[in-house]
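Chains as they are written, first to last, in our numbering: chain A, 1 to 165; chain B, 1 to 526; chain C, 1 to 212; chain D, 1 to 113.
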Amino acid sequence: MKKLATEEREGMSLIVGTVTHWVCAFIVLFGLYIVAYGHLTPGGGFAGGVILACGFILLMLAFGRKRLAAILPLSRASALDCIGALAFWVLATAGILFGGGVFFRNFLPLGKRLRLWSAGIIPLCNVAIALKVCASLVLVLVALSVLRVKAGGTDEDFITDIEEK
Amino acid sequence: MDPLPLLVAVPLLAGFVLPLAPKHRIRLTDFFALVTSAALVALAIAALRQPDCAYHVGGWGPRAGGPPLGITLVLDGASKLMVLIIAVVTFAVILYSPSYMARFTGKRKFYSLFFLMVAGMNGVVLTGDMFNLFVFLEIASIASYALVAFGCEKQELEASFRYLVLGSIASYMILLGVGLLYAKMGTVNMAHLSSKIAAAGGLAGAGPVTEAGKASALLIFATTLFICGLGLKAALVPFHAWLPDAHPSAPTPISAMLSGLLIKAIGVYALTRVLFTVIGMSDVGTPTLCNLIMVLGILSMVGGGFLAIGQQDFKRLLAYSSISQVGYVILGIGLATPLGIAAGLFHLLNHAIFKSLLFLNAGAVEYRTGTRRLDEMGGLNKRMPATGATSFVGSMSIAGVPPFNGFFSKLLIILACVAAGRYVFASIAVVVSVITLGYFLKVQKQAFFGALKDKWQHVREVPTMMAASMILLALLCLATSALMFKGPRDFFLGHAQRSFTQRQRYVDRVMRPTTADARESTERMD
Amino acid sequence: MLMNLIVVLLMFVAIGAVIAIWTRDLLSALIAIGVVGFTRTVVFVLLRAPDVAITQVVVEVLLLIILIRSAVRREVHTVEAGRNAPGMAVAAAFVVVMLVLGVIAIRELAPFGQPLEVRAGDAPSMTYIKEGKNQTGCGNIVTAVLLDYRGYDTLGEATVLFTAVVGAVVLLRRKSRKSADEAAAPEPAAEAGPAIDPDGDQNLRIEQEETE
Amino acid sequence: MVYLLCLIVFSIGIYGVLTQRNLIKIILSLAVAESAVNIFLVLLGYRTKGIAPIDDGTAANFAGAAVDPLPQAMVLTAIVIGLGVLALSMVIAIRLYHRYGTYDITKIRKLRG
């Protein structure tokens, strides 16, 4: 815990850094694969989104919050959270406009079976969900991990401030 | 365009967009929230004008005699009534919120959670699918857990945590119940379940499936789980422990929403829908179940009423009185007669209006004086005429004084009890009504009448918007008395009551095969 | 064979749950919860539910990170168990009644592993399996159910997560109420107190943990 | 037998929620109860010698062998809902700790006064 608290100096050994870079690349790649092939193989938007979030969390654990904030500032994570949810909402309601007035109609052509571009809106939904899940989990985890609260403290001892800036 | 999915989609959109609103344009956020809630009222009225129907999401309706493949939304008398109440009370509360919430930070997220809660309630009310019911119940519940703790003070956090723990137990019980029904019947669609349970003989176990006329233990267990789970959400008396802390702790607009709408939409309505439509409480002779529900109602009525008497905290008193009044609703519904259900729903509608009004009154007093203790107030009528007058209307309505709406609905409930031969229950209802009158007279006397205390000499009336929202609700208290007359009563209450008692029509509506589907699979495949 | 294996694993889950709830040491409890979670994943794999297993395992990892990073502090390592006796008795009575009703009820369930068409031939799931790939173009039937047949549920599920996250963030804000003069201003310049750097990073002061 | 074990784990979780004093322990008990329900749902969908409900065109008799996909879809939803509830309850617990300096719910009630 000590190491995590005073992050940027102690977590930064060369080995950890190098390994994290590689592992992180694989995690992100794996997450993207799980998302993109969610309609053909096991997995999907939620699992993929959580895996992508794990990639970011690994970055945070290894390099500290500053580094993560450089890649994905919390304000942007919060915005991406909303945008992911909105994208899913748009896909759902698009059926009313383009799918003969039916909510949640899969209005795109289904395409060839078992290809990447098939199954209509399902892959798009997966992408939207992944974006949403990834952003929201990073948000929650960072918010929780920056907490170092003094017991019984006042408001001023409370550290995080994501929302109001 | 069909208003059904929009009733859920519009508040969801507001919930997703509002956190993105520009930070420095608070007025814009307020305005957007107001427009959204006005749109909800318009949609609810549009839904009211529609004939009863089933809406198959994604076009996955029943094919050739089978069950619906996807999730079904059902619009019938009861859901129309609920959607209308939700929209109207939401509009009044949103009208009240901009001024009241100005003292809190995080207003955009407040509105976001608020509309997510409304979306959850609308989803619960409209759904025709048990698992979907669970999901939307969770949306509404989680938003309310967060909103109860919105102020982040000691008491609020503690109340919210207890609410969250008990609410989650309730949710998992409901989920387990859904799982058990699925295990037996292989479906989660309410209409499909309903027809299968009816074929199996229902709770009485008269059908061929259960052996030798014995009641199905599995169905009994599932029913118990639903009563416990949804009873917890509705805060019926053995399960009420969370409510007296949670409802007063929330910011006032949320207290009004929780007491006025949430416990009814995700508690009472969902319980009624499950018991009548799915389990078949009205069709099958199930005196035990009806008695159990009525006893729960009586316990809530008496328990909530007696606990309310001693309260000095205005909002806490209102919270206890909510338990008591929900008891009336449950009593009426537990009678399972057409008159009883109609009376219960009438009281539900009335309670939504006057309880949210009274909470808004309590908030208005707190807004200007900074206290919720009744013994510190006094003579506020002289300084806050609008608040005083509307709270008088609200108190008299809830106490059951004619010509306000509460009188008529309580009268109907008592009449229904008498008609069903339940004289003891009827007399208890009368006694509790007198108790209610007693503690609301106390509220009026201590807070609004009498001599104005010196420290309140400089108190002013609340801002116009807040006053307008209270006046709107007070007028509705008078207007809904009109439901006593035959025409409106048949249109609203009779229609709503029939949607619970006429189970077969519900099943037929949902299971009717959809006309030739535009998107037949073969056409679209290569 | 498979059933016996699952029974053993479920017993493992039950033991893990007992340890997690009744151990005095918080860290052991979290480890036990981790064991429960990963055993659960194995059960899902054995039950031919790869989608659920993948989601379960990643959620479990994340859940443990959340719990360990935020819950385990130096000053609270051990916990006192038990509430007052009457409360425990009521809880025990409630649970026992539930359990008895449940045990009677589950005797009516079909035996484990019975195919669906035997007990409910008209179940929607039969259509999903038979027609799912043609009707949705999606080979993974679970995804087809999740995002097409019952996409509305998934919208609800995404909303639940969104709600929880908005709720969590709003509860972690620094100041919840404004001071009197801020509230009096008709349109405050900033919604919350002090001016803060846009990325919020300057704000995240890191305090040393209290030394023991 | 398998169903019975699920029910027992569910009861353990509920009992833990009702009797534990520590906020973190209460949250863990909730997670236990939730996982019992999830396992129960997936167990319902299994069929003897079943295959995963993923139709990649290789299984000879897919329609006659695939396990029930609907409970799996429901469990996926339930898992994510459980995660959301857990995150929110953790946040409330941490704020409570911040306010009261303890995770013990009986002490919190006393402090509230």
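Just so you know, even glycine gets a beta-carbon here, dropped at the ideal spot from N, CA and C.
Measuring alpha carbon to alpha carbon, tell me which residue in D/Leu4, D/Val37, D/Ala63 and D/Asn22 is nearest B/Ile169. The shortest C-alpha separation from B/Ile169 is found at D/Val37.
By how many angstroms is the C-alpha of D/Gly82 removed from the C-alpha of B/Leu75? Take the alpha-carbon of B/Leu75 and the one of D/Gly82: they are about 30 Å apart.
What whole-angstrom Cβ distance do B/Ala234 and B/Leu271 have, given they're in contact under 8 Å? 6 Å
Exposure of B/Leu478, with buried meaning 16 or more beta-carbon neighbours within 10 Å: Classification of B/Leu478: exposed, given that the 10 Å Cβ count is below 16.
If we count the other Cβ atoms within 10 Å of its Cβ and call it buried at 16 or more, is B/Val178 buried or exposed? buried
Kindly list the residues whose CB is nearer than 6 Å to the CB of A/Ala53, restricted to its own chain and excluding five residues on each side of it in sequence; keep chain order. Contacts found: Cys134, Leu137 and Val138.
Restricting to runs no shorter than 3 residues, where is the beta strand (DSSP E) found entirely within the region 406-483 of chain B? none
Tell me D/Ile54's beta-bridge partners as DSSP assigns them. C/Asn140
If I measure Cβ to Cβ from D/Lys25 and keep anything under 8 Å in the same chain, skipping five residues before and after, which residues do I get? Gly16
Below 8 Å between beta carbons: does that hold for B/Ala140 and B/Ile266? yes
So that I know if they touch, is there some Cβ in chain A lying closer than 8 Å to that of D/Met74? So, not an interface residue.
DSSP beta-bridge partners of B/Asp129: In the DSSP assignment, the residues bridged to B/Asp129 are B/Asn189.
Inter-residue spacing [alpha-carbon to alpha-carbon] between B/Asp508 and B/His56: B/Asp508 and B/His56 have their C-alpha atoms spaced approximately 14 Å apart.
Would you kindly report the start and end of the unbroken alpha helix (DSSP H) that includes D/Ala31? First-last of the alpha helix (DSSP H) with D/Ala31: Leu23 to Gly45.
Run through DSSP, which three-state label would B/Arg273 get? helix
What does C/Thr41 reach in chain A if we use C-beta pairs closer than 8 Å? By Cβ distance, chain A contributes nothing, its closest Cβ being about 12 Å from C/Thr41, past 8 Å.
Would you please verify whether the beta carbon of B/Tyr145 is less than 8 Å from any beta carbon of chain C? yes
So what does DSSP say about B/Pro488, is it helix, strand or coil? helix
Apply the 10 Å Cβ neighbour rule to C/Arg48 and answer buried if 16 or more other Cβ atoms are within range, or exposed otherwise. buried
Beta-carbon of D/Ile8 versus every beta-carbon of chain B: anything under 8 Å? no
Using a Cβ-Cβ distance under 8 Å, would C/Pro111 count as near chain B? no
Around the Cβ of B/Ser427, are there at least 16 other Cβ atoms within 10 angstroms (buried) or fewer (exposed)? exposed
Check whether the Cβ of B/Ile254 lies closer than 8 Å to any Cβ atom in chain A. no
Quick one: is C/Ala14 near chain B, going by C-beta distance under 8 Å? No, no contact with chain B.
Closest by C-alpha distance to B/Ile254, when choosing among B/Ala319, B/Met190, B/Leu275 and B/Arg273: B/Ala319
Beta carbon proximity, C/Ile66 to chain D, threshold 8 Å: yes
Once DSSP output is grouped into helix, strand and coil, what is the label at A/Val142? helix
With distance defined between alpha-carbon atoms, name the residue in C/Val57, C/Val103, C/Ala17 and C/Gly113 nearest to D/Ala66. D/Ala66 has its Cα closest to that of C/Gly113, out of C/Val57, C/Val103, C/Ala17 and C/Gly113.
Comparing the C-beta of C/Gln135 with each C-beta of chain D, is any distance below 8 Å? Taking Cβ atoms only, chain D never reaches closer than 8 Å to C/Gln135, which makes this a no.
Who are the neighbours of A/Val138 on chain D, taking C-beta pairs under 8 Å? Against chain D, a Cβ distance below 8 Å from A/Val138 picks out nothing, because the smallest value is about 12 Å.
Given B/Phe425, which residues of its chain have a CB within under 7 Å of its CB, disregarding the five upstream and five downstream residues? Met294, Ile298, Leu331 and Cys417
Near C/Ala29, which residues of its chain fall below 7 Å by C-beta distance, leaving aside the five closest residues on each side in sequence? Ala20 and Thr23
Within chain A, the residues that B/Ala9 reaches when beta carbons sit closer than 9 Å: Trp89, Ala92, Thr93, Ile96 and Phe103
With DSSP run on the structure shown, which of helix, strand or coil describes A/Thr41? coil
Would you report the Cα separation of C/Ile6 and C/Leu46, rounded to the nearest angstrom? 8 Å
Simplified DSSP assignment, three categories, for B/Pro385: helix
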